[in-house]
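*Asks:* Attaching a single structure in structure tokens format; questions to follow.
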Amino acid sequence: MNISKPKGTKDIFFDEINVWQYVEENIIKVCKEFNIGEIRTPVFESTALFKRSVGDSTDIVNKEMYTFEDKGFRSITLRPELTAGVVRAYIENGMSSLPSPLKFWYRGNMYRYERMQKGRYREFSQFGVEIIGSDSNLADIESISVAYALFKRIGLSSHIVISLNSIGCTKCRNIFIQALKEYIKPNLNKMCDTCKVRFEKNPMRMIDCKEKGCKDILAKAPVITDYLCEDCRVDFQGVQNMLKALDIPFVLDNTIVRGLDYYNKTVYEITSKDLGLSVGGGGRYDGLVSILGGVQTPAVGFAIGMDRVVILLQQLGLDKQISKKVDLYFAIIDKDAEVISRKITSKLREMGYVVDIDIQRRSFKAQLKYADKIKARYVCIIGKNEIKNNTCIIKNMEDGKQLEVKLEIDEIINRLL
RNA sequence: GUGGGUAUAGUUCAGUUGGUUAGAACGCCAGUUUGUGGCACUGGAGGUCGUGGGUUCGAAUCCCACUAUCUACCCCA
5 MNISKPKGTK
15 DIFFDEINVW
25 QYVEENIIKV
35 CKEFNIGEIR
45 TPVFESTALF
55 KRSVGDSTDI
65 VNKEMYTFED
75 KGFRSITLRP
85 ELTAGVVRAY
95 IENGMSSLPS
105 PLKFWYRGNM
115 YRYERMQKGR
125 YREFSQFGVE
135 IIGSDSNLAD
145 IESISVAYAL
155 FKRIGLSSHI
165 VISLNSIGCT
175 KCRNIFIQAL
185 KEYIKPNLNK
195 MCDTCKVRFE
205 KNPMRMIDCK
215 EKGCKDILAK
225 APVITDYLCE
235 DCRVDFQGVQ
245 NMLKALDIPF
255 VLDNTIVRGL
265 DYYNKTVYEI
275 TSKDLGLSVG
285 GGGRYDGLVS
295 ILGGVQTPAV
305 GFAIGMDRVV
315 ILLQQLGLDK
325 QISKKVDLYF
335 AIIDKDAEVI
345 SRKITSKLRE
355 MGYVVDIDIQ
365 RRSFKAQLKY
375 ADKIKARYVC
385 IIGKNEIKNN
395 TCIIKNMEDG
405 KQLEVKLEID
415 EIINRLL
């Protein structure tokens, strides 16, 4: 083998794929319960879509996109996130004329050209929900509820923290930015280089700078929540009250500003204490639909990093509980049993049992050994004697006890517990 | 983009001051008498020593570059 997978990608199989499927199955269940429909959009989109939506000054657009020119000289980008694609689809398919609000969920691979690290890949998978058309904070609540319901369903709700903040509307945010800049200005030369650039281009992003010097200066900086206009303040307070009433735990964190430009009002990040990593985030993006050429439409959404959720499940040992088992393995010791055992096998499979069968004509001993290795709960043995008597032997692999029964579906099923 | 570590069998790793045919454990396959798994014993398969250069009579071992990987930044999911 001299060809290996591209940097930042991975192969998923065996135990790990079980964990992925476990999460995906629960996503489908939860979304169905919330009456959220799935949407699938292209893996690649026009580069302009992300430049306009995610924002020119963001790291994603500046240095992380997989962008290339196709044979028709179009600039194409592998999606680094999916909100932009969903909103594009919303506009392009005239969904504004559909009953509002619309709720979509998605699951797919995203691509960002980044240096690899724990839980960070160049091809990674996100699950997300977008609610388009409601300007009420009940929509914010709904989206947070979905995220929380999923974590609860997969047994992680006590391992995550929802950090909440409001970054206001355009009006009050601009007043805040003025105040922030005035405070920073005298100390600007002490700040890091990226902050100096952000001071001009995207002052909000200075707030979550991790640089020590910047942190010290920002510790006493004005706080966005003090500058919210009456509307935004009431809206944000309403979100908090509602979450409390619904017993969805959260903490307030005014350093959360999100790395994408399209957010406003309530934003949040979901982090794992065990991993020390963000596993998801979201918020309101009332301006995005109009930025992309649609009529002004309010919207909220979030995305969860599936890779990190899977890592979290594995790290907590929850993955072992969801490993899949084989109900019944057919050990065939006689050629005359090959057809009949296969007929029974397919009937059992149609009934939903997980059934495996020898496909190698190996020795009986080897077949039992194999059944043991794939963790078969029972083995059905059919050899010369059994064929002659029209019977089979059902062996319980846990206690080793076995019983001869008639070679009939019902008889076999009765032995499987 | 920046800093540090690592790279030998499917996996986890040994490999002496550079010296014949590169090892172990686990895993895999098979056998230990004819139809019974886990335990034990025996045997077998499996390695361009990450890639390419260089030093040397001789390189898994020393030097350089590249690549991959892990980790901390940056940022995020």
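For the first sequence, our numbering gives the first residue as 5, with consecutive numbering after it.
Quick reminder that beta carbons are idealized off the backbone N, C-alpha and C, glycines included.
#1: Identify the residues that DSSP records as bridge partners of leucine 192: which are they?
#2: Verify whether the separation of the beta carbon atoms of arginine 381 and leucine 332 is less than 9 Å.
#3: Which class does valine 165 belong to by DSSP, given the choice of helix, strand or coil?
#4: Count the other C-beta atoms from every protein chain shown that fall within 10 angstroms of the C-beta of isoleucine 228, then say buried if there are 16 or more, exposed otherwise.
#5: Over the uninterrupted beta strand (DSSP E) stretch that includes aspartate 15, give me the two end residues.
#6: Is the Cβ-Cβ distance between methionine 287 and phenylalanine 306 less than 9 Å?
#7: With burial defined as no fewer than 16 other Cβ atoms inside 10 Å of the residue's Cβ, what is the status of methionine 355: buried or exposed?
#8: Assuming serine 57 and isoleucine 295 are in contact, meaning their beta carbons sit under 8 Å apart, how far apart are those beta carbons, in whole angstroms?
#9: Specify, as a first and last residue, the run of the beta strand (DSSP E) that aspartate 360 falls within.
#10: Could you tell me how far apart the beta carbons of phenylalanine 254 and proline 226 are, in whole angstroms, since I believe they sit closer than 8 Å?
#11: Are the beta-carbon atoms belonging to isoleucine 391 and valine 409 less than 9 Å from one another?
#12: So which of Met208, Cys199, Gly404, Val165 has the shortest CA-CA distance to glutamine 182?
#13: Excluding the 5 residues flanking glutamate 68 on each side, which residues of the same chain have their C-beta closer than 7 Å to its C-beta?
#14: Along the chain, which unbroken stretches of the beta strand (DSSP E) at least 3 residues long are found entirely within the region 68-129?
#15: Determine the DSSP secondary structure at leucine 332, reduced to helix, strand or coil.
#16: Please go through the same chain and pick out, in chain order, the residues whose beta-carbon is closer than 6 Å to the beta-carbon of methionine 5, but skip the five residues on each side of it.
#17: Quick one: what does DSSP say methionine 5 is sitting in, helix, strand or coil?
#18: Can you grab the Cα-Cα spacing for the pair phenylalanine 334 / leucine 86, in whole Å?
#19: Entirely within the region 377-401 and at least 3 residues each: give me those beta strand (DSSP E) ranges in chain order.
#20: Between glutamate 29 and isoleucine 326, what straight-line distance do the alpha-carbon atoms span, to the nearest angstrom?
#21: Contact check, arginine 419 vs leucine 407 under 8 Å by CB: the rounded distance?
#22: Going by DSSP in three states, alanine 307 sits in which element: helix, strand or coil?
#23: Using three-state DSSP, classify asparagine 30 as helix, strand or coil.
*Replies:* Let me lay it out:
#1: Stepping through the first sequence from its first residue, residue 192 is reached at position 188. Answer by DSSP bridge pairing: none, since leucine 192 is not bridged.
#2: Position 377 of the first sequence, counting from 1, holds the residue named residue 381. Position 328 of the first sequence, counting from 1, holds the residue named residue 332. Going by C-beta atoms, arginine 381 is nearer than 9 Å to leucine 332.
#3: As a first step, residue 165 is located in the first sequence; it is residue number 161 there, counting from the start. Strand at valine 165.
#4: The residue labelled residue 228 in the question sits at position 224 within the first sequence. Buried, by the Cβ-count rule.
#5: Locating residue 15 in the first sequence gives position 11, counting from the first residue. Run containing aspartate 15: none; DSSP gives neither H nor E here.
#6: Taking the first sequence and counting its residues from 1, one reaches residue 287 at position 283. Taking the first sequence and counting its residues from 1, one reaches residue 306 at position 302. For the sequence presented, residue 287 should be read as glycine rather than methionine. Yes, they are a contact pair.
#7: Locating residue 355 in the first sequence gives position 351, counting from the first residue. Per the 10 Å Cβ criterion, exposed.
#8: Start at 1 with the first residue of the first sequence, and residue 57 comes out as number 53. Start at 1 with the first residue of the first sequence, and residue 295 comes out as number 291. Correct: roughly 6 Å between the Cβ atoms.
#9: Counted from its first residue, the first sequence places residue 360 at position 356. Residues 359-361.
#10: To locate residue 254, count along the first sequence from 1; it is residue 250. To locate residue 226, count along the first sequence from 1; it is residue 222. About 23 Å separates the two Cβ atoms, so there is no contact after all.
#11: Working through the first sequence from its first residue, we reach residue 391 at position 387. Working through the first sequence from its first residue, we reach residue 409 at position 405. Not a contact, by the Cβ cut-off of 9 Å.
#12: Counting from one through the first sequence, the residue named residue 182 turns up at place 178. Answer by Cα proximity: Met208.
#13: For the purposes of this step, residue 68 is taken as the residue at position 64 of the first sequence. Contacts found: Pro84, Arg116, Tyr117, Glu118.
#14: 70-73, 79-82, 106-115
#15: Start at 1 with the first residue of the first sequence, and residue 332 comes out as number 328. Of the three classes helix, strand and coil, the one that applies to leucine 332 here is strand, per DSSP.
#16: The residue labelled residue 5 in the question sits at position 1 within the first sequence. With a pLDDT of 41 at methionine 5, under the threshold of 50, the modelled position of that residue is not reliable, and no figure is offered here.
#17: Taking the first sequence and counting its residues from 1, one reaches residue 5 at position 1. Any reading at methionine 5 must be qualified, since the residue scores a pLDDT of 41, below 50, and its modelled position is unreliable; no value is offered.
#18: Here residue 334 refers to the residue found at position 330 of the first sequence. Here residue 86 refers to the residue found at position 82 of the first sequence. Answer to the nearest angstrom: the Cα atoms are 46 Å apart.
#19: 380-386, 395-400
#20: For this step, residue 29 is matched to residue 25 along the first sequence. For this step, residue 326 is matched to residue 322 along the first sequence. The alpha-carbon atoms of glutamate 29 and isoleucine 326 are separated by roughly 12 Å.
#21: Numbered from 1 along the first sequence, position 415 holds the residue referred to as residue 419. Numbered from 1 along the first sequence, position 403 holds the residue referred to as residue 407. Correct: roughly 6 Å between the Cβ atoms.
#22: In the first sequence, the residue the question calls residue 307 occupies position 303. Strand, per DSSP.
#23: Position 26 of the first sequence, counted from the start, is the residue given in the question as residue 30. Helix at asparagine 30.
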